[in-house]
Structure formats: C-alpha cells, structure tokens
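Taken in order, the sequence shown gives residues 6 to 97; the numbers are from our numbering.
For glycine and all other residues, C-beta sits at the position ideal for the given N, C-alpha and C.
Structure first, commentary second.
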Amino acid sequence: MDDSEGDPVDPGAYDDDLEEEGALILVRQVPLGVVFARIVVVSGMGITGALAIFFLIGLIWWPALVSGGLTMVFLFLMFFIERGAEASSRKK
6 MDDSEGDPVD PGAYDDDLEE EGALILVRQV PLGVVFARIV VVSGMGITGA LAIFFLIGLI
66 WWPALVSGGL TMVFLFLMFF IERGAEASSR KK
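What follows is the structure, given as structure tokens:
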C-alpha cells in the first residue's frame with residue numbers, strides 16, 4: 006500500500022493554521038447578477054466558438070465568420086463584466 010494515500014484531509018484544516026499565523030483570509034461576496042452574467046457569457050462563448058469550428062470544418066465560410074465574430078463579442082463582454090465586478094467590489 007502506498008503511504009501517500011492516507012486519511013482524507015479536512016478542507017477547513019488549513020484555514021485555522023493560516024489564521025494562527027496572521028494571514029488574512031478574505032471571502033468576497035459576488036452579486037447574483039455578476040454570477041449569472043458570467044455563466045451566460047462563458048456558455049455563449051463556448052457555443053459560438055464550437056459553431057465556428059464546426060462551420061470551418063464544413064467549409065461554410067460566412068456562418069463561420071459570424072460565429073467567430075460572436076465569440077469575440079462574448080470574449081470582450083467577459084472582460085467588461087470582470088472589470089465591472091472588480092470595480093464594484095473596490096467601492097465597498
């Protein structure tokens with residue numbers, strides 16, 4: 006038997022150790038709207054990216070370009086949402 010496979014580690018075991026050593030543990034509450042927006046953007050980017058690849062494989066150029074463009078739109082939306090979430094968390 007391998008010695009590395011020991012008892013399971015309690016996930017909260019290290020939190021107490023860090024607090025004793027003076028490390029600051031921050032738990033940031035993310036607004037529900039930001040969570041929903043992240044889910045929609047990541048899903049949209051994945052779907053449109055997959056469609057772009059499928060259309061490129063099938064040599065269907067215009068839908069591939071449209072899907073690729075929509076993928077870029079979702080990518081920019083992701084950056085915009087993350088910056089907005091970061092800015093709103095700094096204000097608090």
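On the criterion of 16 or more Cβ atoms from any shown chain inside 10 Å, does Phe81 qualify as buried, or is it exposed?
exposed
Would you mind working out which of Gly38, Val46, Ala42 and Val35 sits nearest Val78, comparing C-alpha positions?
Val46
Looking at the unbroken alpha helix (DSSP H) that takes in Ile65, where does it start and where does it end?
Unbroken run through Ile65: none, as it is neither H nor E.
Does the Cβ-Cβ distance between Gly73 and Thr53 come in under 9 angstroms?
yes
For Glu42 and Ile62, I'd like the C-alpha separation in whole angstroms.
Here residue 42 turns out to be Ala, not Glu, going by the sequence shown. Their backbone Cα atoms lie some 30 angstroms apart in a straight line.
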